[in-house]
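Using full-length UniProt numbering, the first residue of the sequence shown is number 1, and each one after it goes up by one.
Backbone N, C-alpha and C fix where the C-beta goes; we use that ideal spot for every residue, glycine too.
Right, one structure below, let's go through it.
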Amino acid sequence: MDLKYSAEYEAFREEVKAFLENNWPLKGEEAKLRRHQQQALFRQRAVEVGYLYRSVPRQFGGSEQPADVLKGQIIREEFGRVRAPVELPGVGTAMLVPTLLQCGSDWQKEYFIPKTLSGEYLWAQGYSEPNAGSDLASVKTRAELKDGKWLINGQKIWSTLAQYARFMFVMVRSEPNAEPRHAGLSYILVDLKQPGVTIRPLKQITGGEEFCEVFFDNAETPEDWIVGKPGEGWAVSKATLSHERSALGGASGSVSLFEKLVALAKSVEINGEPAIVDPTIRRRLAVLDGYVSSHLYSSYRQLSMSVNQQDPGLVTSMNKLISTNIGHDVARLARDLIGDDLMLSPPQDRKKEDGNEKWINQFIGSLGIAIAGGTSNIQRNVIAERGLGLPRE
Numbered sequence: 001m002d003l004k005y006s007a008e009y010e011a012f013r014e015e016v017k018a019f020l021e022n023n024w025p026l027k028g029e030e031a032k033l034r035r036h037q038q039q040a041l042f043r044q045r046a047v048e049v050g051y052l053y054r055s056v057p058r059q060f061g062g063s064e065q066p067a068d069v070l071k072g073q074i075i076r077e078e079f080g081r082v083r084a085p086v087e088l089p090g091v092g093t094a095m096l097v098p099t100l101l102q103c104g105s106d107w108q109k110e111y112f113i114p115k116t117l118s119g120e121y122l123w124a125q126g127y128s129e130p131n132a133g134s135d136l137a138s139v140k141t142r143a144e145l146k147d148g149k150w151l152i153n154g155q156k157i158w159s160t161l162a163q164y165a166r167f168m169f170v171m172v173r174s175e176p177n178a179e180p181r182h183a184g185l186s187y188i189l190v191d192l193k194q195p196g197v198t199i200r201p202l203k204q205i206t207g208g209e210e211f212c213e214v215f216f217d218n219a220e221t222p223e224d225w226i227v228g229k230p231g232e233g234w235a236v237s238k239a240t241l242s243h244e245r246s247a248l249g250g251a252s253g254s255v256s257l258f259e260k261l262v263a264l265a266k267s268v269e270i271n272g273e274p275a276i277v278d279p280t281i282r283r284r285l286a287v288l289d290g291y292v293s294s295h296l297y298s299s300y301r302q303l304s305m306s307v308n309q310q311d312p313g314l315v316t317s318m319n320k321l322i323s324t325n326i327g328h329d330v331a332r333l334a335r336d337l338i339g340d341d342l343m344l345s346p347p348q349d350r351k352k353e354d355g356n357e358k359w360i361n362q363f364i365g366s367l368g369i370a371i372a373g374g375t376s377n378i379q380r381n382v383i384a385e386r387g388l389g390l391p392r393e
């Protein structure tokens, strides 16, 4: 595999480097702005020169660049190298925006996308329910069309940061008698700031409140806030999930996490020596290094397929699964390395001065990532049945 970039792309890399040298960190009076103001100003300039939101048309707040996977990869590499602000995180930018570009109406794109990219509109996801997690076809939240409005009743759960969101994209059952079950689902956008919506944060084992349960009691949303047509929610949701799994399965996160684990192994001691010299610890690190390298080169394969306009297909699910497994293994080794520090209270807000206790959240959080974006067992079934042609369970 030839991993070198051509002269054309190396020239583009130099352009990106020059832009970053002149624009990040901000200089002069601009450096006195608040952190979020500096980031917003930088993002605006990065969009103007075509480095961020490249796939989003300019009329919707993007930079509208021709599709070029390698240029996108170079931008990620160089922005990451100097820790420059990248595209805003969150389900709105990572999941809803690409879904609207693929499936939304023109007015929906014009109304929602620009303010989502700028951070003015924050979004939550309304998929899971108490009795409908990985099996979305079991969704029971109802939407009934009356007098030009959808009336929504039901409950969603595990909605990340819904307490701060303005809107939610919700999977509802609008055609109760449709068969098969997934044919009766619709994908609807809802304003959360209304009397018919109750949001309750869920206290987690770490002490944080990242997830919420959301109750709808005759909540209203306009008729044209549906993405696609009534009954097409299953197809629209698959577009959203594909973007979510791609975001969760990126190899860069595994590489960064492993590097932090190696640093931890160098900083703690076993029998008076750095843990990294212990044969057992070195063996476990070597095994993990193999998995991380496998993930990294699998992502290169996915990148190459995209460059050649080939559909990566189930490689996306495979990368999400191995990313989850690596997170588990890193957390287990970190748990063993920090020893008694595991009994400390996990930090609520990450600070530079945090000690080994910052690994507690990684250990506990690694359990949850096996559920996010489709549970690991669901991913295994998809790979086995659709990829390898194995019989259904």
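Given residue i as reference, the closest of the options once Cα atoms are compared
| i | options | result |
| --- | --- | --- |
| E232 | A183, E223, S323, V214 | A183 |
| R284 | L337, Q194, S174, L189 | L337 |
| A165 | G148, K140, R200 | R200 |
| G253 | E30, N325, K156 | N325 |
| F60 | V86, E14, L26, P114 | P114 |
| M95 | L151, M168, S63, Y111 | M168 |
| G208 | E30, G365, L388 | G365 |
| Q310 | V69, E110, H295 | V69 |
| N361 | D341, Q108, Q379 | D341 |
| V73 | L26, K4, T141, G228 | The residue asked about is misnamed: residue 73 is Gln in this sequence, not Val. The shortest C-alpha separation from Q73 is found at K4. |
| T141 | L161, L122, S118, I188 | I188 |
| W107 | N271, V227, A18 | V227 |
| L321 | E357, R380, N271, L202 | R380 |
| A132 | V172, K109, F112, L117 | V172 |
Own chain residues within Cβ distance below 7 angstroms of residue i, not counting five before or after
| i | result |
| --- | --- |
| K266 | P274, I276 |
| G249 | Note that G249 scores 45 on pLDDT, short of 50, meaning its location in the model is unreliable; the coordinates nonetheless yield the value given after this. Around G249: T316, N319, K320, S323. |
| A247 | For A247, the predicted model reports a pLDDT of 46, less than 50, meaning its position is unreliable and no value from the coordinates is stated. |
Residues near residue i in its chain [Cβ-Cβ closer than 6 angstroms; skip 5 each side]
| i | result |
| --- | --- |
| W359 | A334, I338 |
| S174 | A143, S186, P230 |
| W123 | V91, G92, L96, A165, F167 |
| S304 | none |
Buried versus exposed call for residue i [16 or more other C-beta atoms within 10 Å across all chains shown]
| i | result |
| --- | --- |
| V47 | buried |
| I205 | exposed |
| V315 | buried |
| P98 | buried |
| Q302 | buried |
| L367 | exposed |
| L388 | exposed |
| H36 | exposed |
| K32 | exposed |
Between the CA atoms of residue j and residue i - distance to the nearest angstrom
| i | j | result |
| --- | --- | --- |
| M343 | A178 | 52 angstroms |
| V330 | C103 | 38 angstroms |
| R43 | L390 | 46 angstroms |
| F363 | S256 | 16 angstroms |
| L20 | A84 | 8 angstroms |
| V91 | P279 | 42 angstroms |
| W24 | S105 | 36 angstroms |
| R245 | W150 | Only weak support exists for where R245 lies, its pLDDT of 44 falling under 50; the coordinates are left without a value. |
| R54 | G62 | 6 angstroms |
| A251 | H328 | 15 angstroms |
| G148 | E223 | 5 angstroms |
| I152 | S6 | 53 angstroms |
| V49 | P180 | 48 angstroms |
| K238 | E120 | 26 angstroms |
| S118 | A40 | 8 angstroms |
| A67 | E10 | 17 angstroms |
Cβ of residue i within 8 angstroms of any chain D Cβ
| i | result |
| --- | --- |
| V330 | Any reference to chain D falls outside this structure, which holds one protein chain only. |
Cβ separation of residue i and residue j, assumed to be a contact under 8 angstroms, to the nearest whole Å
| i | j | result |
| --- | --- | --- |
| G126 | S159 | 6 angstroms |
| I157 | E213 | 5 angstroms |
Chain-order list of residues whose beta-carbon lies under 8 angstroms from that of residue i (same chain, five-residue window excluded)
| i | result |
| --- | --- |
| W234 | L136, A137, H182, A183, L185 |
| D289 | F258 |
| V86 | L52, R76, F79, G80 |
| R58 | E64 |
| Q194 | A219, E220 |
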